[in-house]
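To start, the structure itself, in structure tokens.
Protein chains: 2
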Amino acid sequence: MASLTSWVSPDRNGDFSIHNLPFGIFSDGGSSQPRAGTRIGDFVLDLAALAGDAQVKQQLGSFSGLEGVFGQASLNAFAERGRAVHRAVRADLQRILSESTDVPALLKDNEALKQKALVPADKVTMHLPMQIGDYTDFYAGYHHAYKVGVLFRGPDNALQPNYTHLPVGYHGRSSSIVVSGTPIRRPRGQILPNPAATPKQPTTVPCRRLDFELELGCFLSKPNEMGEPIDISKAEEYIFGFVLLNDWSARDIQAWEYVPLGPFNGKNFGSTISPWVVVPDALEPFRTEPLQNDTPIQDYLKEAQKQSVFDIQLEVDLTTADGDHVDLTKTSGRNLLWSFPQMIAHHTVGGCPLRAGDLLGSGTISGTEPRERGSLLEMTEGGKADVQLEKGGVRRFIEDGDSVTMRGYCEKNGVRIGFGDCEGKILPAHGS
Amino acid sequence: MASLTSWVSPDRNGDFSIHNLPFGIFSDGGSSQPRAGTRIGDFVLDLAALAGDAQVKQQLGSFSGLEGVFGQASLNAFAERGRAVHRAVRADLQRILSESTDVPALLKDNEALKQKALVPADKVTMHLPMQIGDYTDFYAGYHHAYKVGVLFRGPDNALQPNYTHLPVGYHGRSSSIVVSGTPIRRPRGQILPNPAATPKQPTTVPCRRLDFELELGCFLSKPNEMGEPIDISKAEEYIFGFVLLNDWSARDIQAWEYVPLGPFNGKNFGSTISPWVVVPDALEPFRTEPLQNDTPIQDYLKEAQKQSVFDIQLEVDLTTADGDHVDLTKTSGRNLLWSFPQMIAHHTVGGCPLRAGDLLGSGTISGTEPRERGSLLEMTEGGKADVQLEKGGVRRFIEDGDSVTMRGYCEKNGVRIGFGDCEGKILPAHGS
């Protein structure tokens, strides 16, 4: 791909080069109204201000009629405009932000509009980018599913028989999704202090096995009619963009509650997403194939486009309240057995209606090596082994005051596309 | 309780006597804007029109400031006003609708306002009463859980060890909830034609074991802060009201998909609710105790109010496309092991944020006898026995063109409080 440079930020090694231009919702001291922006280097570009400018309206056709859309507190209305509009807006943004812009009068040389529309990123508050209707969490990270299965059931029965036939998923809790930086309170709940004892005797205490889960999130841009499946050949058209997702998990609460109907309080105390929605066009150069599935799959899951996942480098680190630190994980978004188009086709094969703003989680993404694992459960062999921190601390699960930060980026030929941070700090349990 | 009569409808044996006065969202030919109404006999009373009337505003204090609230297309804003406002509005509605009203000039003798605000029920279209954020489905119908457990695992292991310790529940799909009268398309999906065969070989076909599930739904009126549990002593304050819920189930799709993360496509093709939200005050005279739980339960689930469920008579019937018919079920809302306040306390013990408009399902409600069962799965012993219809037909599961109707009512001392119909008809699968 041709490499561009922006007059705002010449840096092509940061997450937010001119090749990225993700969408998000921000507010700042100058206006309490959350509204749409894009990120370029260390600045947020106010898209509502841009779309409201008379010259911009006149000369950039893609912004026509978007002033009200960008002025809203979620990206739902913009997402619903469809892929062609997102593409045109992003192309016009690259045009005016490029070092060699052919329309410098619009923004580059327009001090008044720059003053108004370019806000230093450290001066803004980021909000949830979408109003989320339903949240569905899949389980497509093969190495995670296999490793957890080995821990619970041994290698012969690690994967359930359905695992390679369909993208296993469950309905999550949309109300508990928060944006990066929001503290997460450790949940209390019923656990079994002695799981092997009979009869089972639970107690209600703060979670003792609190974990992170490294996932990719996928926001949808448009609805299907209830009763109408989305054909897999059309499924990509329903994708607005991607975020990082930390699907915090209370392993001990989940272990006691989840048979037979699935995870509930083990998950619904909070899930954290990164604030910037990276659009598929930005990730296009980083397409790759998902993990090989040797099981013959059903027709409705067969993809013509084989390169249906993205080689996103994913990293997790942990910092304690007293400043100890550890780089926990390095893995890639290619470690999925099922792509998001396959998840969308499966989700709707029975007619389930999806809506703009719905969030799909990939499931925990892990590689095969210990430090490629997307959760502490895997790294610590089910809580039996220590993870060493840099200054002498150890962890098996997350302690109060710990911050977990996820990062994701793609890099090729000197161009980098990044997601920014997905961070959350654990507060002590209620009443502790 | 004192028995009242309304000048609109002297009938006290119908679902919608003056003792009920539920809330719903309707539209009619006169206005395409969905708005709030209550139901009295065979009429819908337009609450937006009532709240907009100058005399009403002046003389009925409870309606002050509610014109805009009742003009909205969902009851969420009204629900958030809180129990005291719902109670005051209902008392004022009883006052103006009573045969012996002391303010006849407001409505009874006001031909212009009657013409405007009293709409024949057969002339309106009912809509979803709430904008539903998240939908949670519990599993509190003890006799259902036990019977299904016996069918799947035998009597010795019918109930999972957690069942009597906590209200088992899972996150459902809010986008697929529809109002009574909306047709439901039979889902396609992966099933195992021969579940006993190894290796498992699924196929993708229209569901062959389509079932209903008789439930009560509970709408919430206000949010809790994320991280803040709702104490069980306060849980009733979060309840706005109740509806009937048919949680349609594709048994064969669910059987293949649901281990380990729970029901997904087996449920998310559609769930039907009745349109009128019956408020707790109307059900107060029908309080009763839930089923006895011999297991010592955790403190956060202990209720001071022992009469925490309602003795609602529940009925299900089925009508085929060619007019055959059968009364399937008669049971009661008392057949729950866990009350809605217990479900709310459990849902939030770990800090999960609930919101106004969230819907909780009770789980399938069954009695112990064959014709007290809340699903065909139970009635037919897992699809092995026929249910006889009146004109000679038989059913094991639901066929295309069948309509299933649920009804619910409470009755005491000649007063009846009813829910109206919760009806849905099954359309052939997509592409069939």
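One line per chain: the protein sequences are A and B, in this order. Residue numbers for the first sequence follow full-length UniProt numbering, so the first one is 1 and each next one is one higher. Residue numbers for the second sequence follow full-length UniProt numbering, so the first one is 1 and each next one is one higher. Here a beta-carbon is modelled for each residue, glycine too, at the ideal position from N, C-alpha and C.
Can you list, in chain order, the residues of its chain with a C-beta nearer than 7 angstroms to that of B:G52? Leave out the 5 residues immediately preceding and following it. Numbered from its first residue, the second sequence carries residue 52 of chain B at position 52. So the qualifying residues of the chain are E67.
Within this structure, are the beta carbons of A:I230 and A:L354 separated by less than 9 angstroms? Here residue 230 of chain A corresponds to residue number 230 of the first sequence, with the count starting at 1. Here residue 354 of chain A corresponds to residue number 354 of the first sequence, with the count starting at 1. Yes.
I want to see whether chain B comes within less than 9 angstroms of A:Q160, judged by CB atoms only; does it? On the first sequence, residue 160 of chain A is found 160 positions in, with the first residue counted as 1. Cβ-Cβ to chain B under 9 angstroms: yes for A:Q160.
Cβ of A:S9 less than 9 angstroms from any chain B Cβ? Stepping through the first sequence from its first residue, residue 9 of chain A is reached at position 9. Not closer than 9 angstroms to any Cβ of chain B, the Cβ of A:S9 fails to qualify, so no.
Three Cβ pairs or more, each shorter than 8 angstroms: is that satisfied between the segment 294-305 of chain A and the segment 160-177 of chain A? Using a Cβ-Cβ distance cut-off of 8 angstroms, the segment 294-305 of chain A and the segment 160-177 of chain A are in contact, since at least three pairs of beta carbons, one from each stretch, lie closer than that value.
At least three beta-carbon pairs within less than 8 angstroms, the segment 322-335 of chain B to the segment 361-374 of chain B: With the rule of 3 Cβ pairs closer than 8 angstroms, the segment 322-335 of chain B counts as touching the segment 361-374 of chain B.
Kindly list, in the order they appear in chain A, the residues whose Cβ is closer than 8 angstroms to that of B:A257. Taking the second sequence and counting its residues from 1, one reaches residue 257 of chain B at position 257. It is worth fixing the name first, because residue 257 of chain B is Glu in this sequence and not Ala. Going along chain A in sequence order, the residues near B:E257 (Cβ under 8 angstroms) are N162, L166 and V168.
Using CA atoms only, rank isn't needed, just tell me which of B:M130, B:A356, B:H86 and B:D46 is closest to B:Y238. The count along the second sequence starts at 1 and reaches residue 238 of chain B at position 238. B:Y238 has its Cα closest to that of B:A356, out of B:M130, B:A356, B:H86 and B:D46.
Within its chain, find whatever has a CB closer than 6 angstroms to the CB of A:A235; leave out the 5 residues flanking it on each side and keep chain order. Start at 1 with the first residue of the first sequence, and residue 235 of chain A comes out as number 235. Hits under 6 angstroms: P341, I344 and A345.
Are the segment 183-190 of chain B and the segment 246-255 of chain B touching by the rule of at least three beta carbon pairs closer than 8 angstroms? Put simply, the segment 183-190 of chain B touches the segment 246-255 of chain B. At least three CB pairs are less than 8 angstroms apart.
Quick one: does B:N268 have its CB under 9 angstroms from some CB of chain A? Your numbering for residue 268 of chain B matches position 268 in the second sequence. Any Cβ of chain A closer than 9 angstroms to the Cβ of B:N268 would place that residue at the interface, and such an atom is present.
Assuming B:Q313 is part of the beta strand (DSSP E), what are its boundary residues? Counting from 1 along the second sequence, the entry for residue 313 of chain B is found at position 313. Residues Q313 to T319.
Buried or exposed: which applies to A:F152, given that a residue is buried once 16 or more other Cβ atoms fall within 10 Å of its Cβ? Here residue 152 of chain A refers to the residue found at position 152 when the first sequence is read from its first residue. For A:F152, the number of other beta carbons within 10 angstroms of its own is below 16, and it is reported as exposed.
Would you be able to state if there are at least three C-beta pairs under 8 angstroms between the segment 4-18 of chain B and the segment 194-210 of chain A? Counting C-beta pairs closer than 8 angstroms gives fewer than three between the segment 194-210 of chain A and the segment 4-18 of chain B, which falls short of the contact rule.
Collapsed DSSP secondary structure at A:R95 in the structure displayed: The sequence position of residue 95 of chain A within the first sequence is 95, counting from 1. Residue state, collapsed to three classes: helix.
Could you check whether B:L93 and B:L4 sit closer than 9 angstroms to each other, using their CB atoms as the reference points? Translated into the one-based positions of the second sequence, residue 4 of chain B becomes position 4. Translated into the one-based positions of the second sequence, residue 93 of chain B becomes position 93. Contact: no.
N-terminal and C-terminal residue of the alpha helix (DSSP H) that A:F152 is part of: Counting from 1 along the first sequence, the entry for residue 152 of chain A is found at position 152. Its alpha helix (DSSP H) spans residues Y142 to R153.
Taking one C-beta from the segment 215-222 of chain B and one from the segment 378-392 of chain B each time, how about it: are there three or more such pairs within less than 8 angstroms? Touching, no, given that fewer than three Cβ pairs across the two stretches are closer than 8 angstroms.
Please name the residue or residues paired with A:R39 in a DSSP beta bridge. Start at 1 with the first residue of the first sequence, and residue 39 of chain A comes out as number 39. Beta-bridge pairing links A:R39 to A:V44.
Quick one: any contact between the segment 268-277 of chain A and the segment 415-422 of chain A, if contact means 3 or more CB pairs under 8 angstroms? Note that the segment 268-277 of chain A touches the segment 415-422 of chain A; at least 3 beta-carbon pairs, one per stretch, sit closer than 8 angstroms.
Identify the continuous alpha helix (DSSP H) that holds A:Q190 and give its terminal residues. In the first sequence, counting from the first residue as 1, residue 190 of chain A sits at position 190. A:Q190 -> not in any alpha helix (DSSP H); beta strand (DSSP E) instead, spanning R188 to I191.
Using the Cβ count rule (16 or more neighbours within 10 Å means buried), how would you classify A:V394? For the purposes of this step, residue 394 of chain A is identified with residue 394 of the first sequence, where counting begins at 1. Burial call: exposed.
Would you say B:K200 faces chain A, with C-beta separation under 9 angstroms as the test? Counting from one through the second sequence, the residue named residue 200 of chain B turns up at place 200. Yes - at least one Cβ of chain A is within 9 angstroms of the one on B:K200.
How many Å lie between B:R371 and B:S180 at the Cα? If you number the second sequence from 1, residue 371 of chain B lands on position 371. If you number the second sequence from 1, residue 180 of chain B lands on position 180. For B:R371 and B:S180, the distance between alpha carbons rounds to 23 angstroms.
Pop quiz: A:I132 and A:S271 are said to be a contact at Cβ under 8 angstroms. What is the actual Cβ separation, rounded to whole angstroms? For the purposes of this step, residue 132 of chain A is taken as residue 132 along the first sequence, with counting starting at 1. For the purposes of this step, residue 271 of chain A is taken as residue 271 along the first sequence, with counting starting at 1. So it is not a contact: roughly 10 angstroms between Cβ atoms.
Residues of chain A with CB closer than 7 angstroms to the CB of B:Y300, please, in chain order. The residue given as residue 300 of chain B occupies position 300 in the second sequence. Within 7 angstroms Cβ-Cβ: T204.
Run down chain A in chain order and give the residues with a C-beta less than 8 angstroms from the C-beta of B:N265. For the purposes of this step, residue 265 of chain B is taken as residue 265 along the second sequence, with counting starting at 1. The contacting residues are H346, H347, V349, G350 and C352.
Determine the chain A residues that contact B:I273 at a beta-carbon separation under 8 angstroms, and present them in chain order. Here residue 273 of chain B is taken as the residue at index 273 of the second sequence, counted from 1. Correct list: empty, because the minimum Cβ distance to chain A is about 14 angstroms.
Answer with buried or exposed for B:K147, where buried requires no fewer than 16 other C-beta atoms within 10 angstroms of its C-beta. Within the second sequence, residue 147 of chain B is the residue found at index 147, counting from 1. Looking at its Cβ environment, which holds 16 or more other Cβ atoms inside 10 Å, B:K147 is buried.
Under 7 angstroms by beta carbon: chain B residues contacting A:I18: Residue 18 of chain A sits at position 18 when you count from the first residue of the first sequence. Per Cβ cutoff of 7 angstroms: no residues; A:I18 is ~36 angstroms from chain B at best.
Could you check whether A:M130 and A:F240 sit closer than 9 angstroms to each other, using their CB atoms as the reference points? As a first step, residue 240 of chain A must be located in the first sequence, where it is residue number 240. As a first step, residue 130 of chain A must be located in the first sequence, where it is residue number 130. In this structure, A:F240 lies near A:M130, with their beta-carbon atoms less than 9 angstroms apart.
Please state if the CB of B:R83 and the CB of B:S221 are separated by a distance shorter than 9 angstroms. As a first step, residue 221 of chain B is located in the second sequence; it is residue number 221 there, counting from the start. As a first step, residue 83 of chain B is located in the second sequence; it is residue number 83 there, counting from the start. Yes.
What would DSSP say about B:A79, mapped onto helix, strand or coil? Counted from its first residue, the second sequence places residue 79 of chain B at position 79. DSSP places B:A79 within a helical segment (H, G or I) once states are collapsed to three.
Which residues share a DSSP beta bridge with A:Q388? Walking along the first sequence from the start, residue 388 of chain A turns up at place 388. DSSP lists A:V394 as the beta-bridge partner residues of A:Q388.
Please confirm whether A:V316 and A:V404 have their CB atoms less than 9 angstroms apart. In the first sequence, residue 316 of chain A corresponds to position 316, counting from 1. In the first sequence, residue 404 of chain A corresponds to position 404, counting from 1. Their beta carbons are under 9 angstroms apart, which means A:V316 touches A:V404 by this criterion.
Between A:G262 and B:Y170, is the Cβ-Cβ spacing less than 9 angstroms? Here residue 262 of chain A is taken as the residue at index 262 of the first sequence, counted from 1. Here residue 170 of chain B is taken as the residue at index 170 of the second sequence, counted from 1. In this structure, A:G262 places its C-beta atom within 9 angstroms of the C-beta atom of B:Y170.
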